[in-house]
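**Q** Chains as they are written, first to last, in my numbering: chain A, 1 to 64; chain B, 101 to 164.
Every residue gets a Cβ at the ideal spot worked out from N, C-alpha and C, and that includes glycine.
Pasting a structure below so you can have a look.
There are 2 protein chains.
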Amino acid sequence: MENRVREMRAELGLSQGELGERIGVSRQAINAIERGKHDPSLALAFKLASVFGRRIEEVFRPDA
Amino acid sequence: MENRVREMRAELGLSQGELGERIGVSRQAINAIERGKHDPSLALAFKLASVFGRRIEEVFRPDA
DNA sequence: CGGTAGTGTAAGGCATACCTTACAAAACAC
DNA sequence: GTGTTTTGTAAGGTATGCCTTACACTACCG
């Protein structure tokens, strides 16, 4: 699963920690998602898309 | 997380088992999602939306 | 009645999405 | 070059998504 979290986070000028705070997860969770170590839960994907003001399909793309 | 999987599956005339086959999960996984026992992974949510020809936001709704 | 299809549900297992704590490196200030 | 912030990463723990197997129930079908 590809994602544009890092890019969209940068647009908002947030650190990983700040983004994590906003959606209620640790900064390590954000880091792992950005680095492709694992995919977020569906609930978390919704929260990320919401912070970015985007649709889930714009933030994430299944890589198959 | 609310979802309309059962409803959309019915529109396609598929059994839980048939839907599971199409997206590569067991019928119990479909059942658990329909009954709200747990939320699908993001990857599975994408596959479900794809089978239904809908956006993820149309199939799932975070209940908060 | 016996057979099939669909669904609900439980047990036990594995993989992974999160957590906390901790340390090291990198980036940026001054 | 020192200090601060940010990021990367590891270890160990908990929760959950998904698996297989198995059984019970309903509905329909002959």
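1) Measuring alpha carbon to alpha carbon, tell me which residue in Ala-32/A, Arg-35/A, Arg-6/A and Val-25/A is nearest Lys-47/A.
2) Work out the CA separation of Glu-18/A and Leu-12/A for me, nearest whole Å.
3) Could you pull out every residue in the same chain whose Cβ sits closer than 7 Å to the Cβ of Ala-149/B, ignoring the five residues on either side in sequence?
4) If we count the other Cβ atoms within 10 Å of its Cβ and call it buried at 16 or more, is Arg-61/A buried or exposed?
5) Would a check of beta-carbon distances place Lys-147/B closer than 9 Å to chain A?
6) Just to make sure I have the definition right: I need the residues of chain B whose C-beta is within less than 8 Å of the C-beta of Arg-4/A. Which are they?
7) I want to verify the contact list: residues of chain A whose CB lies under 9 Å from the CB of Leu-142/B, in sequence order.
8) How many whole angstroms separate the CB atoms of Met-1/A and Ala-143/B, which I take to be in contact at a CB cut-off of 8 Å?
9) With distance defined between alpha-carbon atoms, name the residue in Met-108/B, Ile-123/B and Gln-116/B nearest to Ser-141/B.
10) Near Gln-67/A, what residues of its chain come up, given a Cβ to Cβ distance below 6 Å and the 5 sequence neighbours on each side ignored?
**A** Taking the geometry as given:
1) Translated into positions along the first sequence, residue 47/A becomes position 47. Among Ala-32/A, Arg-35/A, Arg-6/A and Val-25/A, the Cα nearest to that of Lys-47/A is on Val-25/A.
2) The count along the first sequence starts at 1 and reaches residue 12/A at position 12. The count along the first sequence starts at 1 and reaches residue 18/A at position 18. Distance between the alpha carbons of Leu-12/A and Glu-18/A: 10 Å.
3) Position 49 of the second sequence, counted from the first residue, corresponds to residue 149/B. Same-chain partners within the cutoff: Arg-155, Ile-156 and Val-159.
4) By 1-based counting over the first sequence, the position of residue 61/A is 61. Arg-61/A is exposed by the Cβ-count criterion.
5) The residue labelled residue 147/B in the question sits at position 47 within the second sequence. Chain A, which has a Cβ nearer than 9 Å to the Cβ of Lys-147/B, makes this yes.
6) Walking along the first sequence from the start, residue 4/A turns up at place 4. The contacting residues do not exist; Arg-4/A stays about 14 Å from chain B at best.
7) Counting from 1 along the second sequence, the entry for residue 142/B is found at position 42. Simply Met-1, Asp-39, Pro-40, Ser-41, Leu-42, Leu-44, Ala-45, Ile-56, Phe-60 and Pro-62.
8) Within the first sequence, residue 1/A is the residue found at index 1, counting from 1. Within the second sequence, residue 143/B is the residue found at index 43, counting from 1. Between Ala-143/B and Met-1/A the Cβ distance is about 6 Å, and since that is below 8 Å, they are a contact.
9) Numbered from 1 along the second sequence, position 41 holds the residue referred to as residue 141/B. With distances taken between Cα atoms, Ser-141/B lies closest to Ile-123/B.
10) Chain A is shown only over 1 to 64; residue 67/A falls outside these bounds and no answer can be derived.
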